[in-house]
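Participant: Take -1 as the starting number for the sequence shown in this note's numbering and just add one per residue. Glycine included, each C-beta is placed from N, C-alpha and C at the ideal position.
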Amino acid sequence: GGLAIFRSGSAEDELSLLLKYAAQGLSHGHYDKLSFSLYDNGYEIIQDYGLARFVNIEQKNGGGYLKENTSWAKQTIAHNTVIRDEQSHFGGTYSVGSQHHSDGYFTHLKAPFQIASAKDQHAYPGNELHRTMVLIEDPVLPKPLVLDVFRVGEDTVAHQYDLPFYFKGQVISTNFKYDIPPQPYVLGSQNGYQHLWREASGQSTEGMAKLTWLQGGRFYTLTSLVQADDELTFTRLGANDPEFNLRRDAGLMIRKKGLNALFVSLIEPHGSYDPVGEMAVNAHSKIQSLKLLHHDTQYSVIEITWNNQLSWEVSISNMDNAPQQTHQLEVMGSTRQWRGPYQVTKKHTN
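This is the structure in structure tokens:
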């Protein structure tokens, strides 16, 4: 196993992305295969919860670990990765998880794009988990774009798949409608779900769901490809927590159902807000479209269009990562050909 660390920008204003495909981590291990964290300008943007404890604060269980470390922090739902049927990876069993690690599939960590891909074969028997993340840099972009492609390999029976994004900051807007119940209710009964309030839920009929939030004086937009029957749920941590041991963090969870699943999402940093001058600049997303041009067991091809000026096409070989292997694929009536397990191409749209 291992870690992929993407960095872009100066030390004062650096964007950093961490993709984890490591081993279980001894007794501190969390059930969080292929999870990620995102930092920008010194702030957590997409956060990983970490441990549940107040070190050397006597009032909190004598300063040691809290029971919520087991009931929440170690559970898979506490992290930004896929959960099947509300069950943690390896059934939440330490002895099983310690026998396995994820595997790096490929990496390329040099501008103008950085890309890393990893697989896990053991977290859910019957499903292969395969996550690819791309950091796209360009002189015209105010900040790099982060593409996330999470493929869940086909099983013989249908399942429910959840992918949460625990964003830090204040919700600004969405492009989809959602319903807010008269009062929040608990998302589930075990494996960490018992600690999450369902604050709102909805669906998107546009095929592309957007959430914009504000953190550290900068706007961020999460754009995700969704189908009409996918469920979008706003969650809030803190249910079944009578001693206020957990932070009240917010999240957006995407739920899909079927024999397999493909989650395609893009995180776009943009604009700024000056609280002194009370001025918002470029507060709206400039992603015109996020499209899945092709997807099957062998290949996935995604297109990103920004501000009607530039587009990027990301092609991934899902089964063959040989560096010198040549791939040829018909996509939307034209032929794509490349060497190696991936290709990222840029074109001007006008």
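Go through the region 213 to 256 residue by residue and report every complete run of the beta strand (DSSP E) that reaches 3 residues or more, in order.
Facilitator: 216 to 223, 229 to 235 and 248 to 256
Participant: Mind reading off the beta-carbon distance from Asn189 to Ser86? Whole number of angstroms is fine, and I expect it under 8 Å.
Facilitator: Residue 189 sits at position 191 when you count from the first residue of the sequence shown. Residue 86 sits at position 88 when you count from the first residue of the sequence shown. Yes, they are in contact, since the Cβ atoms of Asn189 and Ser86 sit about 5 Å apart, within 8 Å.
Participant: Nearest chain B C-beta to Leu288 closer than 8 Å, yes or no?
Facilitator: The chain labelled as chain B is not found in the depicted structure, where only one protein chain is given.
Participant: Please determine, among Ser187, Asn173, Arg196 and Ile170, the residue with the shortest C-alpha to C-alpha distance to Pro179.
Facilitator: Within the sequence shown, the letter at position 181 stands for residue 179. If we check each option's Cα against that of Pro179, Arg196 comes out closest.
Participant: Of the residues Met206, Gln45 and Tyr19, which one's Cα is nearest the Cα of Lys166?
Facilitator: Taking the sequence shown and counting its residues from 1, the one referred to as residue 166 is at position 168. Among Met206, Gln45 and Tyr19, the Cα nearest to that of Lys166 is on Gln45.
Participant: Express the C-alpha separation of Ser222 and Glu152 in angstroms, rounding to a whole number.
Facilitator: As a working mapping, residue 152 is identified with position 154 in the sequence shown. As a working mapping, residue 222 is identified with position 224 in the sequence shown. When rounded, the distance between both Cα atoms is 21 Å.
Participant: Out of curiosity, what's the CA-to-CA distance linking Arg149 and Leu194?
Facilitator: In the sequence shown, counting from the first residue as 1, residue 149 sits at position 151. In the sequence shown, counting from the first residue as 1, residue 194 sits at position 196. Spanning the two alpha carbons is a distance of roughly 25 Å.
Participant: Note down, in chain order, each residue of its chain lying with its Cβ closer than 7 Å to the Cβ of Ala156, except the 5 sequence neighbours on either side.
Facilitator: By one-based count along the sequence shown, residue 156 stands at place 158. Lys255, Gly256 and Leu257, listed in sequence order.
Participant: In whole angstroms, what is the alpha-carbon distance linking Met317 and Tyr159?
Facilitator: Position 319 of the sequence shown holds residue 317. Position 161 of the sequence shown holds residue 159. Going from the Cα of Met317 to the Cα of Tyr159 covers about 22 Å.
Participant: Could you pull out every residue in the same chain whose Cβ sits closer than 6 Å to the Cβ of Phe104, ignoring the five residues on either side in sequence?
Facilitator: For this step, residue 104 is matched to residue 106 along the sequence shown. Excluding positions up to five away in sequence, the list reads Ser115, Asn319 and Pro339.
Participant: Less than 8 Å between the beta carbons of Gly214 and Tyr19, yes or no?
Facilitator: As a first step, residue 214 must be located in the sequence shown, where it is residue number 216. As a first step, residue 19 must be located in the sequence shown, where it is residue number 21. Going by C-beta atoms, Gly214 is not nearer than 8 Å to Tyr19.
Participant: Since His268 contacts Thr219 with CB under 8 Å, what's their CB separation in whole angstroms?
Facilitator: For this step, residue 268 is matched to residue 270 along the sequence shown. For this step, residue 219 is matched to residue 221 along the sequence shown. 7 Å between Cβ atoms; contact.
Participant: Counting only the same chain and skipping the five closest in sequence on each side, list residues whose C-beta sits under 6 Å from that of Thr130.
Facilitator: Start at 1 with the first residue of the sequence shown, and residue 130 comes out as number 132. For Thr130, where only same-chain residues beyond five positions count, the Cβ hits under 6 Å are Ser115, Val147 and Ile314.
Participant: Of the choices Glu10, Gly0, Gly95 and Asp83, whose alpha-carbon is the least far from that of His28?
Facilitator: Taking the sequence shown and counting its residues from 1, one reaches residue 28 at position 30. Of the candidates Glu10, Gly0, Gly95 and Asp83, the one whose C-alpha sits nearest the C-alpha of His28 is Gly95.
Participant: Counting only the same chain and skipping the five closest in sequence on each side, list residues whose C-beta sits under 6 Å from that of Lys31.
Facilitator: Here the question's residue 31 lines up with position 33 in the sequence shown. Excluding sequence neighbours, Lys31 sits near His87, Ser100, Asp118 and Ala121.
Participant: Using beta-carbon positions only, say whether Arg234 and Pro162 come within less than 8 Å of one another.
Facilitator: Position 236 of the sequence shown, counting from 1, holds the residue named residue 234. Position 164 of the sequence shown, counting from 1, holds the residue named residue 162. No, Cβ-Cβ distance for Arg234 and Pro162 is not below 8 Å.
Participant: Might you give, ordered along the chain, the residues of its own chain that have their beta carbon closer than 8 Å to the beta carbon of Pro140, omitting 5 neighbours on each side?
Facilitator: Position 142 of the sequence shown, counted from the first residue, corresponds to residue 140. Cβ contact annotation for Pro140 (same chain, cutoff 8 Å, sequence separation greater than five): Pro267, His268, Gly269 and Asn280, in chain order.
Participant: I think Asp177 touches Ala198, with their Cβ atoms under 8 Å apart; what is that distance to the nearest whole Å?
Facilitator: What you label residue 177 is simply residue 179 of the sequence shown in a count that begins at 1. What you label residue 198 is simply residue 200 of the sequence shown in a count that begins at 1. Correct: roughly 6 Å between the Cβ atoms.
Participant: Per DSSP, what are the beta-bridge partners of Met131 in this structure?
Facilitator: Residue mapping note: residue 131 aligns to position 133 of the sequence shown, counting from 1. According to DSSP, which records beta bridges pairwise, Met131 is partnered with Ala114 and Asp146.
Participant: Whose C-alpha, out of Gly331, Trp336, Ser309 and Trp310, is nearest the C-alpha of Gln322?
Facilitator: As a first step, residue 322 must be located in the sequence shown, where it is residue number 324. Looking at the Cα atoms, Trp336 is the closest of the given residues.
Participant: Considering Cα atoms alone, identify which of Lys72, Tyr297, Gln296 and Asn348 is closest to Leu308.
Facilitator: Position 310 of the sequence shown holds residue 308. The shortest C-alpha separation from Leu308 is found at Asn348.
Participant: On the DSSP letters alone, give me the boundaries of the beta strand (DSSP E) that Tyr191 sits inside.
Facilitator: The residue given as residue 191 occupies position 193 in the sequence shown. First-last for Tyr191: undefined, no H or E at that position.
Participant: My parser needs the beta strand (DSSP E) runs of 3 or more residues fully inside the region 11 to 67; what are they?
Facilitator: 13 to 19, 34 to 38 and 41 to 44
Participant: With a CB to CB cut of under 8 Å and the five nearest residues on each side skipped, what residues in its chain are close to Tyr297?
Facilitator: As a working note, residue 297 is residue 299 in the sequence shown. Spatial neighbours of Tyr297 in its own chain (CB-CB distance under 8 Å, excluding positions within 5 residues in sequence) are listed in chain order as Ser313, Ile314, Ser315, Asn316, His325 and Leu327.
Participant: Kindly indicate which residue of Asp239, Arg246 and Arg253 has the alpha-carbon position closest to the one of Leu230.
Facilitator: Taking the sequence shown and counting its residues from 1, one reaches residue 230 at position 232. Nearest option by C-alpha distance: Arg253.
Participant: Among residues of its own chain, excluding the 5 on either side of Ile265, which ones have a beta-carbon nearer than 6 Å to its beta-carbon?
Facilitator: Walking along the sequence shown from the start, residue 265 turns up at place 267. Within the same chain, Ile265 has close Cβ partners Val144 and Leu220.
Participant: With Gly(-1) as the anchor, note down where its beta strand (DSSP E) starts and where it stops.
Facilitator: Locating residue -1 in the sequence shown gives position 1, counting from the first residue. Premise fails: Gly(-1) is in no beta strand (DSSP E) and is neither H nor E.
Participant: With a threshold of 6 Å on Cβ separation, who are the neighbours of Glu56 within its own chain once the five nearest residues in sequence on each side are excluded?
Facilitator: For the purposes of this step, residue 56 is taken as the residue at position 58 of the sequence shown. Excluding five sequence positions before and after Glu56, none of the CB atoms of its chain fall closer than 6 Å to its own CB.
Participant: Expressed to the nearest angstrom, what Euclidean distance is found between the alpha-carbon atoms of Phe34 and Leu15?
Facilitator: By one-based count along the sequence shown, residue 34 stands at place 36. By one-based count along the sequence shown, residue 15 stands at place 17. Taking the Cα positions, Phe34 is about 7 Å away from Leu15.
Participant: Could you give the distance in angstroms between the alpha-carbon of Leu212 and the alpha-carbon of Ala278?
Facilitator: One-based indexing of the sequence shown puts residue 212 at position 214. One-based indexing of the sequence shown puts residue 278 at position 280. Rounded to whole angstroms, Leu212 to Ala278 spans 11 Å at the Cα level.
Participant: For the candidate residues Val138, Gly89 and Ala71, whose alpha-carbon lies nearest to that of Asn305?
Facilitator: By 1-based counting over the sequence shown, the position of residue 305 is 307. Of the candidates Val138, Gly89 and Ala71, the one whose C-alpha sits nearest the C-alpha of Asn305 is Val138.
Participant: Going by DSSP, which residues form a beta bridge with Asp272?
Facilitator: Here residue 272 refers to the residue found at position 274 when the sequence shown is read from its first residue. Partner(s): Met277.
Participant: Find the nearest neighbour of Gly61 within the set Leu49, Asn173, Lys72 and Ser69, judged by alpha-carbon distance.
Facilitator: Counting from one through the sequence shown, the residue named residue 61 turns up at place 63. Checking every option, the nearest Cα to that of Gly61 belongs to Leu49.
Participant: Between the beta-carbon of Phe232 and the beta-carbon of Leu250, is there less than 8 Å?
Facilitator: Residue 232 sits at position 234 when you count from the first residue of the sequence shown. Residue 250 sits at position 252 when you count from the first residue of the sequence shown. The criterion of a C-beta distance shorter than 8 Å is satisfied by Phe232 and Leu250.
Participant: So, is Val274 buried or exposed, given that buried needs 16 or more other C-beta atoms within 10 angstroms?
Facilitator: Numbered from 1 along the sequence shown, position 276 holds the residue referred to as residue 274. Here Val274 is exposed: its Cβ has fewer than 16 other Cβ atoms, across all protein chains shown, within 10 Å.
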